[in-house]
Amino acid sequence: MERRDDSAPPTTCKRPVEKSKSTDDDESDEIWSQRWKKQLTLKIELDNNSIVIVLFAQRIPAITEELAQEVFIEYASRKCCYSVKPAKEMVFTDLQSLKTYRYCLETFTESRSTEWATEPYNGQVVNAYNGVAPGKWDLVVPVPALFQDCKAEVRIPHTSSVKGCHSCLRLGRSVCGECMASGRRQCGLCSGSGWYFNNQCLACGGTGIAVCISCGGMGSTVCSTCYGKGKLLWFLKLKIKWKNNIHKTVLYKHSELPIDQLEKVTGENLFTEMNQLVYPVVSFPDNAVNAASREAVRAHQAQFSTTCRILQQRQTIELIPVTRVHYSWKEKTHIYFVYGAEHKVYTKDYPVKCCCCSIL
Ligand SMILES: [Zn+2]
Ligand SMILES: [Zn+2]
Ligand SMILES: [Zn+2]
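With this note's numbering, letter number 316 in the sequence shown gets 316, and the count goes up by one each step, no holes.
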């Protein structure tokens, strides 16, 4: 039998399954969980500002054979060209639970920029000359919600002043673009001929010229910039953008199951930490998780600390349940995977399927 390195002994299987060899740090699940728990307790004591929520699996449960078969039959029946026969008749040879972790770092940032804006002047308060305008980071703007993308625009105090409208040169009206200020246009009914089906055109009285509908014959329209006021209020606008930047890594050593399958399924939360700035995880039993955390924290620091403000960070470690199922059907052995809390199924070599499925 092939040697399987990262499997934990199935705990809830109906019949005893051969205990697979574990070379994964040579740790039993018990020692693993105790060690990790100790590290986390220490962290809570040392770091009063951080909120640490700890939930962890004492053991990684393998799914039962009943459930493994049930989801496999369902999987086969959903595929139009798969026969459910193999799923119904198969014989289990081994169920292995594989340690698969998903590390996620979220960095919630705020960025600010300013730009000049105008609005028609209707007698609003003008305050550019009665105080000093605050810098863009001096204004206190409440954060709508943590870890959610959002935008806001705020008027900066002591920046508003009144100026004449540049579009209409303070006149409040602009030249009508339809009639080029003449107030008259070619008659639409007779196309300017003055005749309509051998009769004099009634719309223009035979002149071929009609009053411009856009401006009502005035040759000008109300200025769309100042709405006819002739004056504009200029002010500095603060634009704020809150963004949740997510860095996700799935740590998985078994190449038979494509990694993209594991990115969206639901996992079990093992660890959550939230703080203005989190430190990389250093004591997780699987070193790959520590390395992923170190890299994510470094990357987000480099990316965001100079361009915007980091308001909050949250890092989570999830355990994604993955079971590798070995079975035999008609004297041939096959493998499929059941993964995620949703019990999704993945297999490359389903025994009976018609040719069109291999193209799909
Ligand atoms: Zn006109
Ligand atoms: Zn006409
Ligand atoms: Zn104007």
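Ideal placement from N, C-alpha and C gives every residue a C-beta, glycine not left out.
First and last residue of the uninterrupted beta strand (DSSP E) at residue i
i	result
K231	231-251
R185	184-186
L319	309-319
C104	101-120
H334	332-339
M274	268-275
T221	220-222
C150	150-155
R324	322-329
Y346	344-346
I213	Counting along the chain, I213 falls outside any beta strand (DSSP E), and DSSP gives it neither H nor E.
K163	161-164
Buried versus exposed, by CB contacts within 10 Å (16 or more), residue i
i	result
T159	buried
G177	exposed
A292	buried
A145	exposed
C361	Past the edges of the chain, shown from 1 to 360, lies residue 361, and the structure says nothing about it.
K88	exposed
L232	buried
R185	buried
Y75	buried
Q96	buried
G340	buried
V140	exposed
V289	buried
A68	buried
G98	The question names Gly, but residue 98 in the sequence shown is Leu. So L98 ends up on the buried side.
F125	It is worth fixing the name first, because residue 125 is Val in this sequence and not Phe. Classification of V125: exposed, given that the 10 Å Cβ count is below 16.
Rounded straight-line distance, which links the Cα of residue j to that of residue i
i	j	result
P362	L277	Summary: the structure shown does not reach residue 362, with the chain confined to residues 1 through 360, and so no result is reported for it.
L236	E115	6 Å
V91	K85	12 Å
T64	R102	23 Å
I213	C179	9 Å
W242	R314	15 Å
K344	P157	56 Å
G205	L189	11 Å
G267	H254	17 Å
S77	E70	11 Å
T118	C223	14 Å
V154	D286	47 Å
H361	V325	Residue 361 is absent from the model: the chain starts at 1 and stops at 360.
W329	D349	12 Å
N198	G183	27 Å
Y196	V211	18 Å
S113	K163	23 Å
S174	D149	41 Å
N130	W234	15 Å
A181	C215	9 Å
T333	F72	15 Å
E342	K248	19 Å
I246	N122	45 Å
Y191	K151	Reading off the sequence, residue 191 comes out as Ser, not Tyr. The straight-line gap from Cα to Cα measures roughly 51 Å.
F337	V265	13 Å
A302	I240	21 Å
C187	G172	28 Å
S83	E331	17 Å
D260	E295	20 Å
Delimiting residues of the alpha helix (DSSP H) encompassing residue i
i	result
A292	287-304
Q69	65-78
Q261	260-263
A87	85-89
Distance CB(residue i)-CB(residue j) smaller than 8 Å
i	j	result
G194	Q200	yes
V322	T100	yes
Y327	T93	yes
E256	I335	yes
N244	F304	no
R309	T107	no
L238	Y252	no
V297	L105	yes
S382	T307	Nothing can be reported for residue 382, as the shown portion of the chain is limited to 1 through 360.
S161	A203	no
V143	L311	yes
Cβ-heavy atom distance, residue i to ligand 5, below 7 Å
i	result
T225	Among the ligands modelled here, namely ligand 1, ligand 2 and ligand 3, ligand 5 does not occur.
Taking 8 Å as the cut-off, does the stretch 124-144 touch the stretch 280-295 (at least 3 CB pairs, one atom from each stretch)?
no
Count the C-beta pairs between the stretch 203-223 and the stretch 264-276 that are closer than 8 Å, then say yes if the count reaches three, no if not.
no
Should the stretch 163-170 be regarded as contacting the stretch 226-234, the criterion being three or more beta carbon pairs within less than 8 Å?
Output reads yes: the stretch 226-234 touches the stretch 163-170.
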